[in-house]
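The C-terminal position of the sequence shown is numbered 322 in this note's numbering, with every residue numbered one higher than the one before it.
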Amino acid sequence: MTDPNIPSGVAPGPIGVFDSGLGGLSVLRAFEARLPDQAFVYLGDHANAPYGDRPAEEIRRLTMAGVERLFDEGCDLVILACNTASAVALRWMQEKWLPFAGPEQRVLGVFVPVIEALTGRNWGYLGPPTPARVKRVALFATEATVASGAFTRELRLRATGVEVLETSCPGLVDALEGGQRGLAEEIAELAVQHALKTMPFPDAAVLGCTHYPLVEDAFRDVLPDETEILSQPEIAAESLADYLVRHPRFAGAKGEDLRLTTGDPGRVTAQARALLGAHRPFQSA
Ligand code: DGL
Numbered sequence: 038m039t040d041p042n043i044p045s046g047v048a049p050g051p052i053g054v055f056d057s058g059l060g061g062l063s064v065l066r067a068f069e070a071r072l073p074d075q076a077f078v079y080l081g082d083h084a085n086a087p088y089g090d091r092p093a094e095e096i097r098r099l100t101m102a103g104v105e106r107l108f109d110e111g112c113d114l115v116i117l118a119c120n121t122a123s124a125v126a127l128r129w130m131q132e133k134w135l136p137f138a139g140p141e142q143r144v145l146g147v148f149v150p151v152i153e154a155l156t157g158r159n160w161g162y163l164g165p166p167t168p169a170r171v172k173r174v175a176l177f178a179t180e181a182t183v184a185s186g187a188f189t190r191e192l193r194l195r196a197t198g199v200e201v202l203e204t205s206c207p208g209l210v211d212a213l214e215g216g217q218r219g220l221a222e223e224i225a226e227l228a229v230q231h232a233l234k235t236m237p238f239p240d241a242a243v244l245g246c247t248h249y250p251l252v253e254d255a256f257r258d259v260l261p262d263e264t265e266i267l268s269q270p271e272i273a274a275e276s277l278a279d280y281l282v283r284h285p286r287f288a289g290a291k292g293e294d295l296r297l298t299t300g301d302p303g304r305v306t307a308q309a310r311a312l313l314g315a316h317r318p319f320q321s322a
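Encoded structure:
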């Protein structure tokens, strides 16, 4: 697509996808399926994962460093495929940091698209909150995301009459990053059992950490059959596709896809393959 605002000869770069570790790959997989002609550069900050039990200040600093690294790769649009960073750092970055650090660049999160999907209130909706299509929502997320209160706050801006229960799953990300899938599944099951004591029949469950879809079956096994699990990766991919239609200057042609990590590339590649099957090798960031 051609954008009259871009001088001819300047090709849009790849889209950057950032997460603390492997979780964002669940989102990247959905992006690649939805936008097969688009190049992506993925950065996992494995050296500092997990983010979920860190103070907000540190999450902001690490997220900024990751986004800057992706800007250096020519990514003018970066998606925080990390709910923790989206909930804790994104609004602050957009308002206080980006106008100076990258006035031409954009950083978006994966958090609000899910809330839009739950409430039917899309980007740009400025009207008052209206009754939600679901009445009881169980959010599973990291401690930092739960502590930020961002999910309930953003939901209440758009919807009325919805009860929200936020449950953190301490140790789940660590277990997945450490290759302990069985332990991760156990933590997911315990978290759901705990949540169901307070909210026995949620209409919808949101796996509000991009690592959690990697063990979605464990959540599904314990949740009541009638509870809908919202698939954040697919929702985020749809939202990105829509954003690119509205902002075609960020839609790049297929180029070289890169997978970068601040951790050990060999170990991270093996982990990605164990969790997601065949996967291109990671390089040092
Ligand atoms: N996968 C990330 C999220 O969506 C971060 C998890 C973590 O680093 O604790 O929240």
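Think of the CB as a built atom: it goes at the ideal place given N, C-alpha and C, for glycine as much as any other residue.
Distance check between Leu251 and each of Thr235, Gln269, Pro92 places Gln269 closest, using alpha-carbon atoms only.
Classified as buried, Ala118 has 16 or more neighbouring CB atoms from the shown chains inside 10 Å of its CB.
For Ser185, no beta strand (DSSP E) encloses it; the enclosing alpha helix (DSSP H) starts and ends at 180 to 185. In the three-state reduction of the DSSP assignment, Asp109 falls in the helix class, which pools H, G and I. With distances taken between CA atoms, Val78 lies nearest to Arg106 out of Pro87, Arg106, Pro92, Gly300.
Glu153 is the residue among Gly139, Lys291, Tyr280, Glu153 whose C-alpha sits nearest the C-alpha of Val243. Excluding five sequence positions before and after Glu141, the CB atoms of its chain that fall closer than 7 Å to its own CB belong to Asp113, given in chain order. For the 8 Å CB-CB criterion, Leu281 and Ala288 form a contact.
Note on geometry: alpha-carbon atoms of Phe188 and Thr182 lie some 8 Å from one another. About 11 Å separates the Cβ atoms of Asp258 and Glu223, ruling out a contact at the 8 Å cut-off. In this structure, the beta-carbon distance from Thr298 to His83 falls below 8 Å. The C-alpha of Thr100 is placed about 11 Å away from the C-alpha of Ala124. The continuous stretches of alpha helix (DSSP H) do not include Gly146, which lies in the beta strand (DSSP E) extending over residues 143 to 146. Of Lys172, Gly215, Thr167, the smallest CA-CA separation from Arg195 is found for Thr167.
Taken in chain order, the complete alpha helix (DSSP H) segments of 4 or more residues contained in the segment 49 to 122 are 61 to 71, 93 to 109. With respect to Phe177, Phe256 sits close: the two C-beta atoms are nearer than 8 Å. For the set Asp74, Arg286, Gln75, Glu95, the Cα lying nearest the Cα of Ser57 is the one of Glu95.
Taking the CA atoms as reference points, Gly53 sits about 18 Å from Val149. Approximately 5 Å separates the beta-carbon atoms of Ala278 and Arg71; this is inside 8 Å, confirming the contact.
Apart from sequence neighbours up to five positions away, the residues of its chain that approach Ala93 with a beta-carbon distance below 6 Å are Val125, ordered along the chain. Look at Pro87: its beta carbon is less than 7 Å from one of the heavy atoms in the ligand DGL. Per DSSP, the unbroken beta strand (DSSP E) holding Ala241 starts and ends at 241 to 244. In the structure shown, the three-state DSSP call for Pro168 is strand. By DSSP's assignment, Ile266 forms a beta bridge with Ala242. DSSP places Arg218 inside the alpha helix (DSSP H), whose first and last residues are 218 to 235. Val201: member of the beta strand (DSSP E) spanning 200 to 205, first to last residue. Around the CB of Pro239, 16 or more other CB atoms lie within 10 Å, so the residue is classed as buried. Bounds of any beta strand (DSSP E) do not take in Leu312; it lies within the alpha helix (DSSP H) bounded by 302 to 313. Taking C-beta atoms as the reference points, Arg286 and Pro49 count as a pair closer than 8 Å. Between the segment 61 to 69 and the segment 305 to 321 there are three or more C-beta pairs closer than 8 Å, enough to call the two in contact.
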